[in-house]
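For reference, the structure discussed in these notes is given below.
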Amino acid sequence: MSANAKDLRNPLKRARGLGSAQSGVAHWWTQRTTAVALIALGLWFVILVLGLLHGDYAAARAAVAKPWDAVLLVAFLVSMFWHMVLGLQVVIEDYVHTRWKEVTLLLVIKFIAVLCVLAGTLAVLRIALGA
């Protein structure tokens, strides 16, 4: 059996070189890794919030100012928004069929995620550093 007989792609796609880009596995693993990180960080965050349930503003500020809590909160923000971008990227690539709309949506989502991570990190750092 020849090599072309095993290739089930359309001849036009074969001529254009459209096929596997070999990046899907890395995307899949990154999404699963951030999901596992979010499980652990989400449990920590729920425990932190439950501990602050009957506290006041000063107690919440003091809890976020602790070095480990600040580091874990920033890690939670980064992994949460990274996971969001990865998930929305898959949805957009699967369901948006106009190329310019797809690219625009992907850029907007990444811009919003970076902006949210920077704002959240700045807020945590301001509290942790006493500003």
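Note that the working numbering has the sequence shown beginning at 43, numbered continuously upward. Backbone N, C-alpha and C define an ideal beta-carbon position, used for all residues, glycine too.
Put residue i into one of helix, strand or coil per three-state DSSP.
i, result
"His139", "coil"
"Gly129", "helix"
"Cys158", "helix"
"Leu171", "coil"
Do residue j and residue i come within 8 Å of each other at the CB atom, strictly closer than that value?
i, j, result
"Val116", "Ile169", "no"
"Ile151", "Val127", "yes"
"Glu144", "Ile134", "yes"
"Leu83", "Leu114", "yes"
If you drop the 5 nearest sequence neighbours on each side, which residues of the same chain put their C-beta closer than 8 Å to that of residue i?
i, result
"Arg103", "Ile169"
"Ala165", "none"
Residues in the same chain with beta-carbon distance under 6 Å from residue i, minus the five sequence neighbours each way, listed in chain order, please.
i, result
"Gln73", "Leu128"
- Item | Runs of alpha helix (DSSP H) wholly within the stretch 49-122 (minimum 4 residues, chain order) | 53-58, 66-93, 99-107
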